[in-house]
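This report refers to the structure that appears directly beneath it.
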Amino acid sequence: MLAEISKIAQTEWSTLENPTFLPDDVDGRVLFDTATLMYNAQKEGKPIDPNLYNLSSIVMVPSVVEARKRDVLHSKGRINFISSTGVQWESGETEKFDAIVWCTGFKYATQHLANLAVTNPNGRIETTGTKANAVSGLWLVGYGNWTGFASATLIGVGRSAKSTISEIKEYLNDKE
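Residue numbering for the sequence shown follows the working numbering, starting at 1177 and increasing by one per position.
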């Protein structure tokens, strides 16, 4: 998503850990094969080969390769909290944003949104698709079935990501 959104807007990228990228010539199928090997090793009580690819590695599809050439694939680190106007980074620096797309992977996290007072007792946020109903400029991608069918999976998130990108483009164009 960063690769696409960064074509039309200034972006910052926050990650919990430094991102890892697969080599350009390695197809994303290797992650599915790696997951299967890891699952089988765990199921059989065998050690997991440390030389296997990291399951959170980013596949270098053409749009990501192009984003790398534009030098946008740099994480600014962790976010301490999100306010109604932007974020505070782990460094203590604050920064204003027009829109935030929060993609967490398989385990959703919403504690950082507590300042916005939009989470329900289950830690979820009311959405239409991936767009937060109560906060303008906030999308929640990959949080689970409540943000799109099977959205915490690679296949499912792809379905909701396309419409999310269209919504963000429309939102940002309206702000101009």
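Just so it is clear, CB atoms sit at the ideal spot from N, CA and C, and this is done for glycine as well.
Put simply, the backbone Cα of Asp1274 is about 20 Å away from that of Lys1338.
If you look at Val1317, you'll find it isn't in any alpha helix (DSSP H); it sits in the beta strand (DSSP E) that goes 1314 to 1317. By the Cβ rule, the segment 1190 to 1199 counts as touching the segment 1248 to 1258, because three or more pairs are nearer than 8 Å. Take Leu1231, set aside five residues on each side of it, and the residues of its chain with a beta-carbon closer than 8 Å to its own are Leu1207, Thr1210, Ala1211, Met1214, in chain order. Only exposed fits Thr1196, as fewer than 16 other CB atoms lie within 10 angstroms of its CB. In this chain, the beta strand (DSSP E) harbouring Val1277 covers 1276 to 1279.
For the pair Asn1296 and Glu1220, the Cα-to-Cα distance works out to about 39 Å. In terms of Cβ geometry, Leu1198 and Tyr1229 form a close pair [threshold 8 Å]. In its chain, beyond the 5 residues on either side, Gly1253, Arg1254, Ile1255, Asn1256 have a beta carbon closer than 8 Å to the beta carbon of Glu1266. Taking C-beta atoms as the reference points, Leu1178 and Ala1243 count as a pair closer than 8 Å. Residues of the same chain with a CB within less than 7 Å of the CB of Lys1345, apart from the 5 flanking positions on each side, are Ile1184 in chain order. Taking the CA atoms as reference points, Val1202 sits about 8 Å from Val1235.
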